[in-house]
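Residues in the sequence shown are numbered from 32 upward in steps of one, following the numbering used here.
Note sheet for the following structure.
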Amino acid sequence: MFNKSSYIEFIVGEIFNKKKTDMSIKWQFAEHTELNDIVGFKDNDIEKFGVNPAKSIVREAIQNSCDALDINNGQTQVEVVIKTGTIKKSELPNFSAIEGHIKSCVNTENDEAENKEIQRHIEAFSQDSYSYLEISDYNTTGMGEKPFQSLTQGIFKSTKATSGSQGSKGVGKAAYYASSYLRTMLVSTRNDEGNRYRGAAKLSNHVSPFDVGTQYNYKGFYGDLSVKQNSEIPSLFQRDKKGTSVFVIGFWDIADFRGEVIREVLRNYWFAIAEEQLIVRVEDETINAERIEGYINFYFRDYRDYKSGHKQNPRSFFEVYKNGTTYTKHIANIGNCKLWLHKNEAYNLGAVARFRQTKMLIFKENDLDAGFAGIFLCDNTEGNAFLKNIENDAHDTWNPNLNHSVTEQAKITLGEIKEFIREKYILYSGLGNQSSFNIDALDNLFSFSGGNIVSKQKKDGDRIKPEPSEDTKDRLIGKHSFKAIYSNGKYVYRLIFNSKKAANNQRFKISIGTDSSKDVINITNASNGRIEGNTLELDVKKGENIVNTIELDCPYLVAPSITTLNK
């Protein structure tokens, strides 16, 4: 028999037993001791990422999402949603207490610039609401406890399962703090275990807002690492599907935010979008494989490009991807790689863009002449992991000296990448069809060892102007030149140089590469003189000297240089 009173009692009990938004959540800062680091508000990492916040956020957030693709459940394409909004302070229990902590960062012992920067943040506080930026991903795995802790709490630590993941050192999270006038981010994630929700703030060491006798650490946390019911989390941050949402609370206003973010998405992730690995939604606009060309043509009306910086232009590289000639080669330590090359007189940079498996732009190198552009891609798991190991924190260069355990292997790998590009460029451009040509017309092709990735950057669009090398300062050798001659299926070289004096038994070293990085290569034959290894002994006469043919132990075209060994 139906018992009405029992039913009502059951319903009331369910209502009161159901968990609601956790009102006890609050900010927690550890007490500072003399054994802790002293950290200022003008943090170097935060300032670095704050120079171009749109670029920093786009690169950091989307690459983290691409790394988390839920492959085990058959997902093939990551979806990222980027949007802005406002939230009332009353919807975030006890969250606004962070304002008191920021105000407490002002200190008479700080220099004027430090306190001025803190005051700039304080002046951005509003009466009853906060602006926010949301970056949410879908078709991804979400985070378990350890990765969640690493994102909110780790410094130079990663627990990402993929060894080639982009953000392995955890430095990029400073991009979120740099974009917040509260210096905070809130993270909501859902994986197979359930939901997690936590906030983190990075301020400076400061006096407690509640007790002037207590010093607090620079890092604070809002919430914990435990699994939660969705109902315990404020509605804005609840997730019903697996994935992660990062919220920048107190988001600094960015002029033309939508346009700036779309441009950065196109600059950095056009390749992943074109290959249907990624969809990005910015506010109410969707950038996918079907629309990528239209977006590129709208936001980048010409081909004018720059090697780095906020004016980079992806249009030439997208055109190379669509219309270019493709080549494949096995590269030491990274496996099979692809190269696209294309010609268009409007390509001003003469660059090859480098990508790995996530297809985020890493960097561009001026390997070609103006009027040509290229794409290099390593798209296999082993090679992706290897290149990641020699990639810097900003993910914009490969440097063999960054990981000493693989330095020698990396030099070989980068050298083979350069050789691959050089070899196919000569073939594609038709240079290999010429019977002879002066080497100095092709100097930009011959960075042999990969060493130029750590050299000083030149101005965008300009060619490298090498410092005077040791051979140009040589007192015995004045003006000199090499001519490459293609004969009987191989290259030989003709050397012409002038000398201000005569001298017998003079030894010269032949090298290849740039002025800053020369590689040893042996001489196999010479029309005159005596050879030993990579040296050539000549009787030099005053005036013009000619060695009609020099053959090198190298099957491909190189740029030789000559240096006197007798001083």
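Don't be surprised by glycine CBs; every beta carbon is placed ideally from N, CA and C.
Keep in mind it's a predicted model, so treat the numbers as computed, not measured.
Taking a 10 Å sphere around the C-beta of Gly446, we find 16 or more other C-beta atoms and assign the residue as buried.
Taking a C-beta distance under 9 Å as the contact criterion, Pro84 and Ala209 qualify as a contact pair.
Per DSSP, the continuous beta strand (DSSP E) segment holding Asn248 begins and ends at 246–254. Each of Asp76, Thr171, Ile133 was checked against the Cα of Gly274, and the nearest Cα belongs to Thr171.
When the beta-carbon positions are compared, Phe282 and Ser121 stay at least 9 Å from each other.
Looking only at Gly225, Lys272, Ala515, the smallest Cα-Cα distance to Tyr587 is reached by Ala515. Pairing Ile310 with Arg214 gives a Cβ-Cβ distance that is not under 9 Å. When Val292, Asp68, Val578, Ala144 are compared, the shortest CA-CA separation from Lys114 is found for Val292.
DSSP places Ser219 in the strand class (E or B) of the three-state scheme. Residues Ile527 of the same chain have their beta carbon placed closer than 6 Å to that of Ile577, with the five preceding and five following residues left out of the count. Beta-bridge analysis with DSSP links Asn559 to no other residue. The three-state reading of DSSP puts Lys395 in strand, counting E and B together. Secondary structure of Ile541 (DSSP, three-state): strand.
Counting only the Cα atoms, Glu140 lies some 40 Å from Leu267.
Taking the C-beta atoms as reference points, Ala155 is found no nearer than 9 Å to Val277. For Glu454, the closest of Asn434, Lys360, Thr428 by C-alpha to C-alpha distance is Lys360. Residue range 438–460 is occupied by the alpha helix (DSSP H) that includes Leu445, with no beta strand (DSSP E) assigned at that position. The secondary-structure analysis by DSSP pairs Tyr524 across a beta bridge with Ala515, Ile581. For Lys57, no pairing in a beta bridge is given by DSSP. In the three-state reduction of the DSSP assignment, Gly414 falls in the helix class.
The DSSP assignment places complete alpha helix (DSSP H) segments of no fewer than 4 residues inside the stretch 249–308 at 288–305, in order along the chain.
In the structure shown, the three-state DSSP call for Leu213 is strand.
Note: Cys368 is bridge-paired with Lys360, Cys409 in the DSSP secondary-structure output.
A direct Cα-to-Cα measurement between Asp159 and Gly131 gives close to 15 Å. Between Ile448 and Phe407 the beta-carbon gap is near 6 Å, inside 8 Å, which marks them as a contact.
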